[in-house]
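Novice: Input: one structure, supplied below.
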Amino acid sequence: MDLSYDGTDFSGWAMQPGLRTVCGVLVDALSTVLREPVAVTVAGRTDAGVHATGQVAHADLPADPDTAWLVRRLARLLPPDVRVRAVTPVPPAFDARFGALRRHYRYRIATAAHGADPLRARDTVSWPHPVDVDAVNAASALLLGEHDFAAFCKRRDGATTVRALQELHWTPDADGVVTAAVAADAFCHSMVRSLVGALLDVGRGRRSVDWPAALLLRGERASEVPVAPAHGLTLVAVDYPADADLEARAERTRRIRVPGQT
(Lines of atoms letter the chains of each structure in order from A and count residues from 1; the text may use other names and numbers.)
(Lines give C-alpha, C1' and ligand atoms only; values in the text may rest on other atoms or scores of the structure.)
Protein backbone atom coordinates (compact mmCIF):
# COMPACT_ATOMS: atom_id res chain seq x y z
CA MET A 1 0.00 0.00 0.00
CA ASP A 2 1.22 3.47 -0.92
CA LEU A 3 0.10 5.89 1.78
CA SER A 4 -0.14 9.61 2.43
CA TYR A 5 -1.16 11.30 5.65
CA ASP A 6 -1.20 14.58 7.50
CA GLY A 7 0.37 13.66 10.83
CA THR A 8 -0.87 16.72 12.72
CA ASP A 9 -3.71 15.00 14.55
CA PHE A 10 -2.08 11.58 14.91
CA SER A 11 0.04 10.31 17.82
CA GLY A 12 2.48 8.85 15.31
CA TRP A 13 2.27 5.68 13.24
CA ALA A 14 2.46 2.91 15.83
CA MET A 15 -0.71 1.69 17.54
CA GLN A 16 -1.05 2.92 21.13
CA PRO A 17 -3.95 2.21 23.49
CA GLY A 18 -6.34 5.13 23.74
CA LEU A 19 -4.52 7.24 21.14
CA ARG A 20 -5.33 8.03 17.52
CA THR A 21 -2.56 6.65 15.33
CA VAL A 22 -2.15 6.16 11.59
CA CYS A 23 -1.72 2.40 11.94
CA GLY A 24 -4.76 2.14 14.20
CA VAL A 25 -6.99 4.00 11.77
CA LEU A 26 -5.68 2.01 8.78
CA VAL A 27 -6.02 -1.39 10.47
CA ASP A 28 -9.58 -0.60 11.52
CA ALA A 29 -10.54 0.36 7.97
CA LEU A 30 -8.82 -2.65 6.38
CA SER A 31 -10.35 -5.08 8.85
CA THR A 32 -13.80 -3.62 8.20
CA VAL A 33 -13.49 -3.80 4.43
CA LEU A 34 -11.96 -7.29 4.33
CA ARG A 35 -14.08 -8.63 7.21
CA GLU A 36 -11.11 -10.23 8.97
CA PRO A 37 -8.29 -9.08 11.27
CA VAL A 38 -5.42 -7.50 9.36
CA ALA A 39 -1.86 -6.87 10.55
CA VAL A 40 0.17 -4.15 8.82
CA THR A 41 3.96 -3.75 8.50
CA VAL A 42 5.25 -0.28 7.65
CA ALA A 43 8.46 0.96 6.05
CA GLY A 44 9.10 3.60 8.69
CA ARG A 45 7.24 4.34 11.93
CA THR A 46 6.86 8.11 11.89
CA ASP A 47 6.61 10.09 15.15
CA ALA A 48 3.66 12.15 16.33
CA GLY A 49 3.10 15.13 14.04
CA VAL A 50 5.28 13.82 11.18
CA HIS A 51 3.66 13.57 7.74
CA ALA A 52 4.02 11.24 4.76
CA THR A 53 3.46 11.46 1.03
CA GLY A 54 5.40 8.29 0.20
CA GLN A 55 4.85 5.87 3.08
CA VAL A 56 4.74 2.15 2.23
CA ALA A 57 3.09 -0.66 4.19
CA HIS A 58 2.23 -4.28 3.50
CA ALA A 59 -0.35 -6.74 4.76
CA ASP A 60 -0.48 -10.52 4.22
CA LEU A 61 -3.93 -11.56 2.99
CA PRO A 62 -5.33 -15.04 2.28
CA ALA A 63 -6.43 -13.97 -1.20
CA ASP A 64 -5.64 -11.12 -3.57
CA PRO A 65 -8.42 -8.51 -3.46
CA ASP A 66 -9.54 -6.37 -6.37
CA THR A 67 -7.02 -3.57 -5.78
CA ALA A 68 -9.03 -0.81 -7.47
CA TRP A 69 -12.09 -1.79 -5.42
CA LEU A 70 -10.03 -1.82 -2.22
CA VAL A 71 -8.67 1.69 -2.85
CA ARG A 72 -12.20 3.01 -3.45
CA ARG A 73 -13.62 1.30 -0.35
CA LEU A 74 -10.79 2.59 1.85
CA ALA A 75 -11.33 6.10 0.50
CA ARG A 76 -14.90 5.94 1.84
CA LEU A 77 -13.91 4.61 5.26
CA LEU A 78 -10.68 6.42 6.05
CA PRO A 79 -10.67 9.93 7.53
CA PRO A 80 -9.56 12.76 5.24
CA ASP A 81 -6.09 13.04 6.83
CA VAL A 82 -4.96 9.59 5.65
CA ARG A 83 -5.22 8.11 2.15
CA VAL A 84 -4.26 4.81 0.57
CA ARG A 85 -3.28 5.97 -2.91
CA ALA A 86 -2.55 2.57 -4.41
CA VAL A 87 -2.65 -1.14 -3.55
CA THR A 88 -0.29 -3.46 -5.40
CA PRO A 89 0.23 -7.24 -5.16
CA VAL A 90 3.85 -8.06 -4.34
CA PRO A 91 5.94 -11.25 -4.10
CA PRO A 92 5.81 -13.16 -0.78
CA ALA A 93 9.39 -12.06 -0.06
CA PHE A 94 8.39 -8.38 0.04
CA ASP A 95 8.77 -6.77 3.47
CA ALA A 96 7.91 -3.08 3.73
CA ARG A 97 10.30 -2.58 6.66
CA PHE A 98 13.24 -4.91 6.22
CA GLY A 99 13.22 -4.94 2.42
CA ALA A 100 13.67 -1.17 2.04
CA LEU A 101 16.94 0.11 0.60
CA ARG A 102 16.52 3.69 1.80
CA ARG A 103 14.00 6.22 3.12
CA HIS A 104 13.71 9.79 1.81
CA TYR A 105 12.55 12.69 3.96
CA ARG A 106 12.04 16.41 3.42
CA TYR A 107 12.12 19.07 6.13
CA ARG A 108 10.59 22.47 5.30
CA ILE A 109 11.52 25.73 7.03
CA ALA A 110 9.96 29.11 6.24
CA THR A 111 12.51 31.88 6.74
CA ALA A 112 10.37 34.77 5.49
CA ALA A 113 9.44 37.42 8.05
CA HIS A 114 5.75 36.52 7.76
CA GLY A 115 6.42 32.82 8.45
CA ALA A 116 4.87 29.84 6.69
CA ASP A 117 2.17 30.26 4.07
CA PRO A 118 -1.22 29.46 5.66
CA LEU A 119 -1.86 26.58 3.22
CA ARG A 120 1.48 24.98 4.18
CA ALA A 121 1.55 25.87 7.87
CA ARG A 122 0.91 22.25 8.92
CA ASP A 123 4.01 20.92 7.14
CA THR A 124 6.36 23.91 7.30
CA VAL A 125 8.12 25.34 10.35
CA SER A 126 8.21 29.12 10.71
CA TRP A 127 11.84 29.89 11.59
CA PRO A 128 12.53 33.37 13.01
CA HIS A 129 16.24 33.32 12.17
CA PRO A 130 18.30 33.55 8.98
CA VAL A 131 19.68 30.28 7.60
CA ASP A 132 23.15 30.33 6.05
CA VAL A 133 22.54 27.67 3.40
CA ASP A 134 26.21 27.45 2.42
CA ALA A 135 27.18 26.79 6.05
CA VAL A 136 24.53 24.13 6.64
CA ASN A 137 25.43 22.37 3.39
CA ALA A 138 29.11 22.37 4.35
CA ALA A 139 28.23 20.92 7.77
CA SER A 140 25.85 18.40 6.20
CA ALA A 141 28.54 17.07 3.84
CA LEU A 142 30.68 16.11 6.83
CA LEU A 143 27.89 13.85 8.14
CA LEU A 144 27.47 11.75 5.00
CA GLY A 145 28.46 8.09 5.05
CA GLU A 146 28.13 5.29 7.58
CA HIS A 147 28.54 6.43 11.17
CA ASP A 148 27.25 5.79 14.64
CA PHE A 149 24.59 8.50 14.96
CA ALA A 150 23.99 7.86 18.67
CA ALA A 151 24.46 11.59 19.41
CA PHE A 152 21.42 12.33 17.25
CA CYS A 153 19.16 9.45 18.36
CA LYS A 154 16.95 8.54 21.26
CA ARG A 155 18.47 5.21 22.19
CA ARG A 156 16.35 2.08 22.32
CA ASP A 157 17.67 -0.92 24.22
CA GLY A 158 19.40 -3.42 21.95
CA ALA A 159 18.98 -1.30 18.80
CA THR A 160 21.94 -0.18 16.73
CA THR A 161 22.44 3.51 16.00
CA VAL A 162 24.80 2.90 13.06
CA ARG A 163 23.27 4.26 9.88
CA ALA A 164 24.42 5.06 6.33
CA LEU A 165 23.45 8.67 5.60
CA GLN A 166 23.29 8.94 1.81
CA GLU A 167 21.87 12.42 1.26
CA LEU A 168 21.66 15.59 3.35
CA HIS A 169 21.34 18.74 1.28
CA TRP A 170 19.58 22.07 1.78
CA THR A 171 17.92 24.06 -1.00
CA PRO A 172 16.44 27.59 -0.77
CA ASP A 173 13.22 28.21 -2.68
CA ALA A 174 11.98 31.45 -4.20
CA ASP A 175 9.16 31.65 -1.63
CA GLY A 176 11.57 31.90 1.28
CA VAL A 177 11.35 28.21 2.23
CA VAL A 178 14.53 26.23 2.83
CA THR A 179 14.09 22.49 2.29
CA ALA A 180 16.41 19.81 3.65
CA ALA A 181 16.49 16.57 1.63
CA VAL A 182 17.58 13.62 3.77
CA ALA A 183 18.02 9.97 2.77
CA ALA A 184 19.52 6.96 4.53
CA ASP A 185 19.24 3.20 4.61
CA ALA A 186 17.21 3.71 7.80
CA PHE A 187 16.83 6.23 10.60
CA CYS A 188 16.84 5.74 14.35
CA HIS A 189 14.38 7.48 16.65
CA SER A 190 14.43 11.32 16.27
CA MET A 191 17.51 11.17 14.04
CA VAL A 192 16.28 13.39 11.20
CA ARG A 193 14.83 16.04 13.48
CA SER A 194 17.99 16.07 15.60
CA LEU A 195 20.20 16.44 12.54
CA VAL A 196 18.02 19.31 11.35
CA GLY A 197 18.08 20.93 14.78
CA ALA A 198 21.86 20.76 15.01
CA LEU A 199 22.32 22.10 11.49
CA LEU A 200 19.92 24.98 12.10
CA ASP A 201 22.19 26.04 14.97
CA VAL A 202 25.00 26.12 12.40
CA GLY A 203 22.79 28.04 9.98
CA ARG A 204 22.05 30.80 12.48
CA GLY A 205 25.72 31.10 13.51
CA ARG A 206 25.45 29.57 16.99
CA ARG A 207 27.69 26.61 16.13
CA SER A 208 30.67 26.02 13.87
CA VAL A 209 30.46 24.09 10.61
CA ASP A 210 32.39 21.14 12.05
CA TRP A 211 30.37 20.88 15.28
CA PRO A 212 27.66 18.38 14.11
CA ALA A 213 30.26 15.96 12.68
CA ALA A 214 32.32 16.17 15.88
CA LEU A 215 29.31 14.84 17.79
CA LEU A 216 29.61 11.52 15.92
CA LEU A 217 32.48 10.64 18.27
CA ARG A 218 30.25 10.81 21.33
CA GLY A 219 28.68 7.38 21.15
CA GLU A 220 25.70 8.59 23.18
CA ARG A 221 22.87 11.09 22.93
CA ALA A 222 24.13 14.70 22.92
CA SER A 223 21.82 16.70 25.20
CA GLU A 224 22.82 20.00 23.59
CA VAL A 225 21.39 18.96 20.21
CA PRO A 226 17.95 20.58 19.72
CA VAL A 227 15.20 18.45 18.18
CA ALA A 228 13.43 20.33 15.38
CA PRO A 229 9.60 20.45 15.49
CA ALA A 230 7.85 17.37 14.14
CA HIS A 231 5.47 19.11 11.74
CA GLY A 232 8.20 20.24 9.34
CA LEU A 233 9.11 16.63 8.49
CA THR A 234 7.60 14.50 5.73
CA LEU A 235 8.48 10.98 4.55
CA VAL A 236 8.38 11.35 0.76
CA ALA A 237 9.62 8.02 -0.64
CA VAL A 238 10.92 4.54 0.15
CA ASP A 239 13.17 2.64 -2.27
CA TYR A 240 13.11 -1.14 -2.76
CA PRO A 241 15.28 -3.53 -4.77
CA ALA A 242 14.14 -5.56 -7.75
CA ASP A 243 11.81 -8.46 -6.95
CA ALA A 244 14.62 -11.01 -7.36
CA ASP A 245 16.63 -9.29 -4.63
CA LEU A 246 13.85 -8.75 -2.07
CA GLU A 247 14.50 -11.82 0.05
CA ALA A 248 18.26 -11.27 0.27
CA ARG A 249 17.78 -7.62 1.21
CA ALA A 250 15.28 -8.43 3.96
CA GLU A 251 17.52 -11.14 5.43
CA ARG A 252 20.53 -8.84 5.43
CA THR A 253 18.62 -6.01 7.11
CA ARG A 254 17.23 -8.30 9.81
CA ARG A 255 20.74 -9.46 10.70
CA ILE A 256 21.82 -5.86 11.14
CA ARG A 257 18.74 -4.41 12.83
CA VAL A 258 17.33 -7.19 15.01
CA PRO A 259 19.15 -7.95 18.29
CA GLY A 260 20.30 -11.53 18.68
CA GLN A 261 20.40 -12.33 14.95
CA THR A 262 23.75 -12.95 13.27
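Numbered per our numbering, the sequence shown finishes at 272, counting up by one with no gaps. Ideal Cβ placement from N, Cα and C applies to all residues, glycine included.
Residue 162: which of 137, 188, 208, 151 sits nearest, CA to CA?
Specialist: Here residue 162 corresponds to residue number 152 of the sequence shown, with the count starting at 1. Cα-wise, what sits closest to residue 162 is 208.
Novice: Using DSSP's beta-bridge definition, name the partner residues of residue 245.
Specialist: Residue numbering aside, residue 245 sits at position 235 when the sequence shown is read from its first letter. According to DSSP, which records beta bridges pairwise, residue 245 is partnered with 62, 115.
Novice: Can you give me the Cβ contacts of residue 20 inside the same chain, cut-off strictly under 7 Å, excluding the 5 residues immediately before and after it?
Specialist: In the sequence shown, counting from the first residue as 1, residue 20 sits at position 10. Contacts found: 30, 31, 32, 58.
Novice: So, are the CB atoms of residue 64 and residue 246 less than 9 Å apart?
Specialist: Indexing the sequence shown from 1 puts residue 64 at position 54. Indexing the sequence shown from 1 puts residue 246 at position 236. Contact flag set, yes.
Novice: Count the other CB atoms, across all protein chains shown, that sit within 10 Å of the CB of residue 40; report buried if there are 16 or more and exposed otherwise.
Specialist: Here residue 40 refers to the residue found at position 30 of the sequence shown. Result: buried.
Novice: Starting from the N-terminal side, write out each stretch of the alpha helix (DSSP H) that is 4 residues or longer and does not extend beyond the region 94-180.
Specialist: Entirely contained in the region 94-180, the alpha helix (DSSP H) runs reaching 4 residues are, in chain order, 143-151.
Novice: Would you kindly check if the distance between the Cβ of residue 111 and the Cβ of residue 251 is under 9 Å?
Specialist: Position 241 of the sequence shown, counted from the first residue, corresponds to residue 251. Position 101 of the sequence shown, counted from the first residue, corresponds to residue 111. In contact: residue 251 and residue 111 (Cβ atoms closer than 9 Å).
Novice: Throw me the rounded Cβ distance for the residue 154 and residue 203 pair, which I believe falls under 8 Å.
Specialist: Position 144 of the sequence shown, counted from the start, is the residue given in the question as residue 154. Position 193 of the sequence shown, counted from the start, is the residue given in the question as residue 203. At roughly 18 Å, the Cβ-Cβ gap does not stay under 8 Å, so residue 154 and residue 203 are not in contact.
Novice: Residue 88: buried (16+ other C-beta within 10 angstroms of its C-beta) or exposed?
Specialist: Numbered from 1 along the sequence shown, position 78 holds the residue referred to as residue 88. Under this definition residue 88 is a buried residue.
Novice: When the Cα atoms are used, what is the spatial distance from residue 234 to residue 256?
Specialist: Within the sequence shown, numbered from 1, the residue matching residue 234 stands at position 224. Within the sequence shown, numbered from 1, the residue matching residue 256 stands at position 246. Cα to Cα, the separation comes out at about 40 Å.
Novice: Going straight from the alpha carbon of residue 263 to that of residue 113, what length do you get?
Specialist: Working through the sequence shown from its first residue, we reach residue 263 at position 253. Working through the sequence shown from its first residue, we reach residue 113 at position 103. Those two C-alpha atoms are separated by around 14 Å.
Novice: Is it buried or exposed for residue 42, if we count other Cβ within 10 angstroms and need 16 for buried?
Specialist: By one-based count along the sequence shown, residue 42 stands at place 32. Counting Cβ neighbours within 10 Å, residue 42 comes out exposed, since fewer than 16 surround it.
Novice: With distance defined between alpha-carbon atoms, name the residue in 210, 116, 230, 73 nearest to residue 62.
Specialist: Counting from one through the sequence shown, the residue named residue 62 turns up at place 52. Taking only the C-alpha atoms, the option nearest residue 62 is 116.
Novice: Whole angstroms are fine: how far does the CA of residue 13 sit from the CA of residue 183?
Specialist: As a working mapping, residue 183 is identified with position 173 in the sequence shown. As a working mapping, residue 13 is identified with position 3 in the sequence shown. Looking at the two C-alpha atoms, the distance is approximately 26 Å.
Novice: Give every residue of the same chain whose Cβ lies closer than 7 Å to the Cβ of residue 125, excluding the five residues on either side of it in the sequence, and list them in chain order.
Specialist: If you number the sequence shown from 1, residue 125 lands on position 115. Same-chain partners within the cutoff: 136.
Novice: Quick check on residue 171: buried or exposed, where buried means 16 or more other Cβ atoms within 10 Å of its Cβ?
Specialist: Looking up residue 171 in the sequence shown gives position 161. By the 10 Å Cβ count, residue 171 comes out buried.
Novice: For residue 222, does the count of other Cβ atoms within 10 angstroms reach 16, so buried, or fall short, so exposed?
Specialist: On the sequence shown, position 212 is the one that residue 222 refers to. It counts as buried.
Novice: Between which residues of its own chain and residue 106 is the CB-CB distance below 8 Å, once the five residues before and five after are set aside?
Specialist: Along the sequence shown, one-based indexing puts residue 106 at 96. Here the set comprises 51, 52, 53, 66, 67, 68, 248.
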